[in-house]
Amino acid sequence: MELHQLQILRELGALGSVTAVAETLNVTPSAVSQHLAALQRSFRTPLTRKDGRRLALTAAGQALAAAGAEAIDAMAAARSALDDFENDSTGVVTISGFHSVGQALFGPLIRELDDSPARPTVKLTDEDVAQSEFPALTSRYDLVLAHRMEHSPPWPTDGVRSLALVREPLDVAVASSHRLASRGQVTSFDVVDSPWVTSRIGYSPDDVLRAVSAVAGRPVEIRHRINDYGAVAAVVAAGGVLGMLPRYTSRTVDDRDIIRLPLRGVSTHRMIDVLARPENLRRQSVRLVVEALQRVMARLRG
26 MELHQLQILR ELGALGSVTA VAETLNVTPS AVSQHLAALQ RSFRTPLTRK
76 DGRRLALTAA GQALAAAGAE AIDAMAAARS ALDDFENDST GVVTISGFHS
126 VGQALFGPLI RELDDSPARP TVKLTDEDVA QSEFPALTSR YDLVLAHRME
176 HSPPWPTDGV RSLALVREPL DVAVASSHRL ASRGQVTSFD VVDSPWVTSR
226 IGYSPDDVLR AVSAVAGRPV EIRHRINDYG AVAAVVAAGG VLGMLPRYTS
276 RTVDDRDIIR LPLRGVSTHR MIDVLARPEN LRRQSVRLVV EALQRVMARL
326 RG
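For the sequence shown, this note's numbering gives the first residue as 26, with consecutive numbering after it.
Now the structure itself:
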């Protein structure tokens with residue numbers, strides 16, 4: 026038994042004609058007859074009877090139509106409530122971001138939304154997880170800021186939608202006193218023999234460093250594993266090791282004692298994407314936050 030079948034039964038009780046019901050619901054008379062026949066198969070008691078040239082409801086049909094009317098009204102109220110929820114531009118939007126993107130975007134995002142006439146309320150948190158774990162966070166947050174290396178598999182599409190925010194390169198960071206500091210760029214062969222501070226396994230910098238090792242044909246010495254880019258920059262500035270910093274989302278890092286150099290010959294780009302459940306993207310407040318994130322990132326990149 027389906028809701029539109031109950032609606033047809035209710036209309037038949039009021040109009041008494043298959044043709045009239047078809048005109049009211051903007052369907053064909055045969056479609057009305059088919060739905061009535063399908064509904065009747067669900068019940069042993071007859072729901073309709075012939076009344077001259079009219080088709081009338083039996084007592085059982087009238088009882089079902091009355092109960093159906095309550096179901097139809099309840100569904101209409103539910104749809105109305107959902108429409109209000111989805112169209113509310115001031116609703117609460119929960120956002121998770123990994124550490125560097127949170128440091129770079131959270132403050133500007135709040136200021137961006139404060140300048141909007143009808144602004145959503147955002148609730149921010151940081152979740153710095155390995156690349157494979159980002160999609161699962163969409164069950165806990167409306168929006169998840171996630172990163173993956175450009176050459177890695179795309180995000181799963183089963184129940185998750187992804188919106189590209191930026192394609193960000195990772196640069197080699199060296200102390201300003203380092204022998205490579207005067208270079209305009211470096212290759213894997215320039216950096217493979219130096220000790221490194223890099224991220225934990227499963228994160229973008231470590232992925233790039235493994236590519237460096239593969240291109241150069243020899244292993245890289247990993248001296249420190251640190252995920253916080255501010256701490257990475259401080260260790261690099263102290264001398265003795267090289268590091269890897271994202272070009273846009275680590276601009277809050279103090280660069281006075283380090284130099285950033287593009288790395289050529291390997292893929293260094295990571296994608297920063299917004300992940301969300303499809304039903305969340307139907308909400309006006311969520312869409313407004315996504316648009317604000319895109320504007321903030323565009324300015325940061327520029």
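Virtual Cβ for every residue (Gly too), placed ideally from N, Cα, C.
Values in this document were obtained by computation on a predicted structure and should not be read as measured data.
Assigned with DSSP and collapsed to three states, Pro-145 falls in coil, not helix or strand.
C-alpha of Ser-207 to C-alpha of Ala-200: approximately 11 Å in a straight line.
Where Ser-121 is concerned, there is no enclosing alpha helix (DSSP H), although the beta strand (DSSP E) around it starts and stops at 117-122.
Contact fails between the segment 177-184 and the segment 256-265, because fewer than three Cβ pairs, one in each stretch, are under 8 Å apart.
Cβ neighbours of Ala-47 within its own chain (closer than 8 Å, five residues either side excluded): Thr-53, Pro-54, Ala-56 and Val-57. By the criterion of a C-beta distance shorter than 8 Å, Arg-272 is surrounded in its chain by Glu-193, Pro-194, Leu-195, Asp-196 and Arg-285, once the five residues flanking it on both sides are discounted. For the 9 Å CB-CB criterion, Leu-162 and Ser-202 do not form a contact.
Going by DSSP, Arg-326 is part of the alpha helix (DSSP H) stretching over 309-326.
Check the Cα spacing between Val-311 and each of Ala-92, Phe-68, Asp-113 and Ser-141: the tightest is with Asp-113. With distances taken between CA atoms, Pro-142 lies nearest to Leu-313 out of Ala-241, Leu-313 and Arg-35. Per DSSP, reduced to three states, the secondary structure at Val-233 is helical. For His-60, same chain residues with a beta-carbon under 6 Å away, outside a window of 5 residues either side, are Gln-30 and Ile-33 in chain order.
The C-alpha of Pro-287 lies about 39 Å from the C-alpha of Arg-307. Val-185 places its beta carbon less than 9 Å from that of Leu-300. Straight-line measurement puts the Cα of Thr-274 at about 8 Å from the Cα of Leu-130. With 16 or more neighbouring CB atoms inside 10 Å of its own CB, Gly-268 falls in the buried class. Rounded to the nearest angstrom, the gap between the Cα atoms of Val-117 and Thr-146 is 5 Å. Check the Cα spacing between Leu-205 and each of Pro-160, Val-237, Asp-232 and Gly-265: the tightest is with Gly-265. Under the three-state reduction of DSSP, Ala-241 is assigned to helix.
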